[in-house]
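Peer 1: This is the structure I want to talk about, given as structure tokens.
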Amino acid sequence: MSRAARSVAPVLWAALVLLTALPPLAAGYAAAWALPVLAACVVLPFGLAALGAAVRVPRWSVATAGVAVGAVVALTFADRVDPVSGALPAWRSSPGLTLLGPLVDAVPRLLTAPRPAPADPSLLVPAALLVWLVALAVAVAVTRSPRAGVAPLLGAVVLHAAGALLTAGRGDALGTAAVATALAVLLGWVLLPAGRPRPAPTTGAATARRTRSSRSRRGVLLPAVAAAVVATFALCAVVVPTARSFEPRTLVPPPQLPADAANPVPQAAVWAQRPTEEMMTVTAVAGDLPERLALAVLPDYTGVAWTLDAELRPVGVVATPDTPPATATRTATYAVTPHGYGEAWLPAAGAVTAVEGAQALLDLDSGTLVLPAGWAGADPADPPTVTITSAINAASPEAIGRASVPEAAEMERYLALPRVHPGLAELAQAVTAGVSNRWEQVSRLADAVRTDQQRVGATGAERVLDHGARSGSSSARLVQFLAADPSDGGQVGTSEQFAAAFAVLARTVGIPTRLVVGFQLPDDEGTGSVVVHGDDARVWAEVYLSRIGWVAVDPSPDAATSTDLPTPEAGGENGDDPEPDPGIEEDREVVEPQQEAATGSPVPAAFAWALLALAVLGVVGLGVARAARAARWRAAGHPGAWAHVEDAMRLAGRPPAPGRTATALAASLPDDVASAAVALAERAEASAFAPPGAASDGDAPSAWASGRSVAAGLRRQAPRVRRLLWWVSPGVWRR
């Protein structure tokens, strides 16, 4: 390889290694131009470093200029935060930090954007600046250096880690980019020259040629370590995307609910009193329309009202909700176009996975969507359309009818009952007496709320749903609603009282519940589009069942009594239990979370197996490489046999001293092998320095036997650890 090629090859290889690490980082952006921009951020610093080398500018000057150029370009594209919109912290008050403010805010802006990040150049600034600085550091280290060393590997590891953090491991879920990086690293270490030539060894020209050839492979130890590091990234990329993946977005303080996002529970009754007003149009894009659209899910009951303590995050954040998701779901995509509706709550169904057409924030635990800016600026003549994709519960009626509930300790938030009238618990116990099946308990409680029963003077008739009735869901109001006479304000209520009464009664018997405010969608009659009116507004409850997820229950009189869920079977193991054993249901509830805890996260086990597999592959690979090396020495006659002895000296902890002749090295060996080693060294030198055309060494088997005998003697005198690692140690490549 020429001198010019020898200096250019490591630079090109370093740039290639970094380019292979870019796809996971680019996967965090929705724009197709993200990858080309990031690739340019790799190539340009190498060009800058090459220009500095050509004009003989010191490396530190090149690095300083590169950092300045990257910062200026990043500040040009970074969005500036309006200081009027919020107070800046004290440490940002200095002129320098005020100037760099957009860069300081770039990372939080990226981590509060939807995933993948929208096609906004300002959101690409953090990733592009990171790539620029990493490429600049690698380029400065590699340019004007005879070899690239480990700088490209370290830079690639940083970029892979950044991509994994930005996408929570999903940017390279199959590990293809990590495998490409590993191959690029290994090919570079094996094929590129080692750098400046070193003096030839003293065992002759033939051995010198073989030694220089082996040096060009750069050894096996460092490539093996590099392969293990990058291959571990590839294997972890397969197992990291789980519900327990590390999500850096959760480290950014979540925004608070907008001021105009008032509690929508009272508003539902107001909408219902305007039955003909068009609220919105909902159109199916993919899959069937959901049956309901929720505005706000309220899991927290204070004894006075139902509330939502929201932690808003961008849609697409990979984090674990406080309840396991449904195991059976269907995907539906639908478009919402508002008309008379203008609240900050964005109507949605199920677990939302994507939102297009608006910058929405999501409370992961409840699934509530919020528009921070509301529908501000919407033109009534041309209202905006928001497209939502959701995973909707699709559990079968049979599965729901067989389901139990999780252990109480796991559902404390959804079982909390502060300041609740004891009469409500007594009512729930009376309604569910003799029933152990959880879904039948749900159905009986819904019937008890829907109809007048279990009180003195009960008529058995349906209670009255009156949208103009007194609102509120305090414990006292619910007792009045369920137990008082109509003349005293009882037996009449809004959908809020019906849903809240059911939710509280269910909690008293250990069934997790929460309240939901939203709209019941009318039948689309096969058109795939419906217009939602004011009288479709409703408040309903949801119950949580193990492995089923949240299931809607609407106990209001004018709603379907089963809410499209199964009617409990009478009799049998899923029906009435005339003599229930209180321990049976509790035992069944406890077993499920215990089994789940026993299985745990698959990540540690998979990581351990990955490390074990890498270790085994590394040992096997070293063994194969050592066997191939020994075969080459055996075929090389006396010079090869002496090279085998030099390998044994390194393995025994007696590395050959540079500059000494082969005979001098042999004479320095222990007495029991010195004489044989000296004879072999003399024959190796005579064979290596023989004139061209001289007869070849015809006693190769004898030479190899002599070399193995000397090596065996050295092994017998080596420490125990060296003897154990003798056949797989990479020490033979050490120079």
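If you want my numbering, it's the 1-based position in the sequence shown plus 241. Yeah, the Cβ is synthetic: ideal placement off N, Cα and C, and Gly gets one too. Source: prediction; values computed, not measured.
1. List in chain order: all unbroken beta strand (DSSP E) runs of 3+ residues lying wholly within the segment 635-676.
2. Within this structure, are the beta carbons of V343 and A309 separated by less than 8 Å?
3. Whole angstroms are fine: how far does the CA of A872 sit from the CA of R901?
4. If I follow the unbroken alpha helix (DSSP H) through H774, where does it start and stop?
5. Report the CB separation of V348 from A315 in whole angstroms; it is logged as a contact under 8 Å.
6. For the alpha helix (DSSP H) containing E681, list its first residue and its last residue.
7. Hey, P624 and A599: beta-carbon distance below 8 Å or not?
8. Hey, could you find the ends of the alpha helix (DSSP H) R508 is sitting in?
9. Return the chain-ordered list of same chain residues with a C-beta closer than 6 Å to the C-beta of A669, the five sequence neighbours on each side being excluded.
10. Work out the CA separation of A369 and V278 for me, nearest whole Å.
11. Identify the continuous alpha helix (DSSP H) that holds R963 and give its terminal residues.
12. Are P613 and M521 touching if we call contact CB-CB under 8 Å?
13. Quick check on DSSP: helix, strand or coil for W874?
14. Between E597 and the rest of its own chain, which residues show a CB-CB distance below 6 Å, the 5 nearest in sequence each way excluded?
15. Grab me the residues of P359's own chain with a C-beta within less than 7 Å of its C-beta, minus the 5 sequence neighbours each way, in chain order.
16. By DSSP's criteria, L587 is part of a beta bridge. Which residues make up the other side?
17. Measuring CA to CA, which of C282, H708, W883, P897 is closest to A927?
18. Among S714, T754, A632, which residue has its Cα nearest to the Cα of L656?
19. Could you tell me the alpha carbon to alpha carbon distance between A724 and R350, rounded to whole angstroms?
20. CB A908 to CB V951, shorter than 8 Å?
21. Around the C-beta of P1014, are 16 or more other C-beta atoms found within 10 angstroms, so that it is buried, or is it exposed?
22. Can you confirm whether the segment 629-645 touches the segment 677-684 when touching is taken to mean that 3 or more C-beta pairs between the two stretches lie within less than 8 Å?
23. So, does the segment 685-697 touch the segment 769-776, judging by three or more C-beta pairs under 8 Å?
24. Taking Cβ positions, are F743 and L706 nearer each other than 8 Å?
25. Does DSSP put D765 in a helix, in a strand, or in coil?
26. In whole angstroms, what is the alpha-carbon distance linking A306 and V296?
27. Go through its chain and collect everything with a Cβ distance to R963's Cβ below 7 Å, but skip five positions before and after it.
28. Provide the residue(s) that pair with V733 in DSSP beta bridges, ordered along the chain.
29. Out of L863, V886, W945, G864, which one is the CA nearest neighbour of G878?
30. Determine, using beta-carbon pairs with one atom in the segment 729-739 and one in the segment 515-529, whether at least three such pairs fall under 8 Å.
31. What residues are listed by DSSP as bridge partners for A535?
32. At the level of alpha carbons, what is the spacing between V283 and A256?
33. Name, in chain order, the residues that DSSP records as bridge partners for Y542.
34. Can you look up G862 in the DSSP assignment and give me helix, strand or coil?
35. Quick test of your reading: L549 and P540, contact by CB under 8 Å. State the CB separation rounded to the nearest angstrom.
36. Give the DSSP-derived three-state secondary structure of L263 in the structure shown.
Peer 2: The relevant details are as follows:
1. none
2. Here residue 343 corresponds to residue number 102 of the sequence shown, with the count starting at 1. Here residue 309 corresponds to residue number 68 of the sequence shown, with the count starting at 1. This sequence places Pro at residue 343; Val is not what is there. No, Cβ-Cβ distance for P343 and A309 is not below 8 Å.
3. Stepping through the sequence shown from its first residue, residue 901 is reached at position 660. Stepping through the sequence shown from its first residue, residue 872 is reached at position 631. The straight-line gap from Cα to Cα measures roughly 26 Å.
4. Position 533 of the sequence shown, counting from 1, holds the residue named residue 774. That residue, H774, is in no alpha helix (DSSP H); its beta strand (DSSP E) goes 770-774.
5. Taking the sequence shown and counting its residues from 1, the one referred to as residue 348 is at position 107. Taking the sequence shown and counting its residues from 1, the one referred to as residue 315 is at position 74. About 12 Å separates the two Cβ atoms, so there is no contact after all.
6. Here residue 681 refers to the residue found at position 440 when the sequence shown is read from its first residue. Segment 679-691, the alpha helix (DSSP H) holding E681.
7. In the sequence shown, residue 624 corresponds to position 383, counting from 1. In the sequence shown, residue 599 corresponds to position 358, counting from 1. No, the Cβ-Cβ distance between P624 and A599 is not below 8 Å.
8. The residue labelled residue 508 in the question sits at position 267 within the sequence shown. Looking at the sequence provided, one finds Gln at residue 508 rather than Arg. For Q508, the enclosing alpha helix (DSSP H) covers residues 506-513.
9. Taking the sequence shown and counting its residues from 1, the one referred to as residue 669 is at position 428. L746, T749, V750.
10. Taking the first residue of the sequence shown as 1, we reach residue 278 at position 37. Taking the first residue of the sequence shown as 1, we reach residue 369 at position 128. If I take the Cα positions, the gap works out to 7 Å.
11. Position 722 of the sequence shown, counted from the start, is the residue given in the question as residue 963. Segment 961-965, the alpha helix (DSSP H) holding R963.
12. On the sequence shown, residue 613 is found 372 positions in, with the first residue counted as 1. On the sequence shown, residue 521 is found 280 positions in, with the first residue counted as 1. Result no, Cβ atoms of P613 and M521 do not sit closer than 8 Å.
13. The residue given as residue 874 occupies position 633 in the sequence shown. Correct three-state label for W874: helix.
14. The sequence position of residue 597 within the sequence shown is 356, counting from 1. The answer, listed in chain order, is T628.
15. As a first step, residue 359 is located in the sequence shown; it is residue number 118 there, counting from the start. Excluding residues within five positions, the ones whose Cβ falls inside 7 Å are A271.
16. Position 346 of the sequence shown, counting from 1, holds the residue named residue 587. Beta-bridge annotation (DSSP): L587 is paired with L610.
17. Mapped onto the sequence shown, residue 927 falls at position 686. Answer by Cα proximity: W883.
18. Walking along the sequence shown from the start, residue 656 turns up at place 415. Of S714, T754, A632, the residue nearest in Cα terms is T754.
19. Here the question's residue 724 lines up with position 483 in the sequence shown. Here the question's residue 350 lines up with position 109 in the sequence shown. Distance between the alpha carbons of A724 and R350: 53 Å.
20. Numbered from its first residue, the sequence shown carries residue 908 at position 667. Numbered from its first residue, the sequence shown carries residue 951 at position 710. Taking the C-beta atoms as reference points, V951 is found no nearer than 8 Å to A908.
21. There is no way to answer for residue 1014, as the model of the chain reaches only from 242 to 976.
22. The segment 677-684 is in contact with the segment 629-645.
23. no
24. To locate residue 743, count along the sequence shown from 1; it is residue 502. To locate residue 706, count along the sequence shown from 1; it is residue 465. Not in contact: F743 and L706 (Cβ atoms no closer than 8 Å).
25. Within the sequence shown, the letter at position 524 stands for residue 765. Reduced to three states, the DSSP call for D765 is coil.
26. Taking the sequence shown and counting its residues from 1, one reaches residue 306 at position 65. Taking the sequence shown and counting its residues from 1, one reaches residue 296 at position 55. C-alpha separation (whole angstroms): 14 Å.
27. Counting from 1 along the sequence shown, the entry for residue 963 is found at position 722. The beta carbon of R963 is closer than 7 Å to those of L892, A893, G894 in its chain, skipping five residues each way along the sequence.
28. For the purposes of this step, residue 733 is identified with residue 492 of the sequence shown, where counting begins at 1. DSSP output for V733 lists V705 as bridge partner(s).
29. Residue 878 sits at position 637 when you count from the first residue of the sequence shown. Among L863, V886, W945, G864, the Cα nearest to that of G878 belongs to W945.
30. no
31. Reading the sequence shown from its first residue, position 294 is the one you call residue 535. A535 pairs with A589, G759.
32. By 1-based counting over the sequence shown, the position of residue 283 is 42. By 1-based counting over the sequence shown, the position of residue 256 is 15. One C-alpha to the other measures close to 7 Å.
33. As a working note, residue 542 is residue 301 in the sequence shown. The partner list for Y542 (beta bridge, DSSP) reads W547.
34. The residue given as residue 862 occupies position 621 in the sequence shown. In this structure, G862 counts as helix in the three-state DSSP scheme.
35. For the purposes of this step, residue 549 is taken as residue 308 along the sequence shown, with counting starting at 1. For the purposes of this step, residue 540 is taken as residue 299 along the sequence shown, with counting starting at 1. The pair is a contact, with the Cβ atoms about 7 Å apart (cut-off 8 Å).
36. If you number the sequence shown from 1, residue 263 lands on position 22. Of the three classes helix, strand and coil, the one that applies to L263 here is coil, per DSSP.
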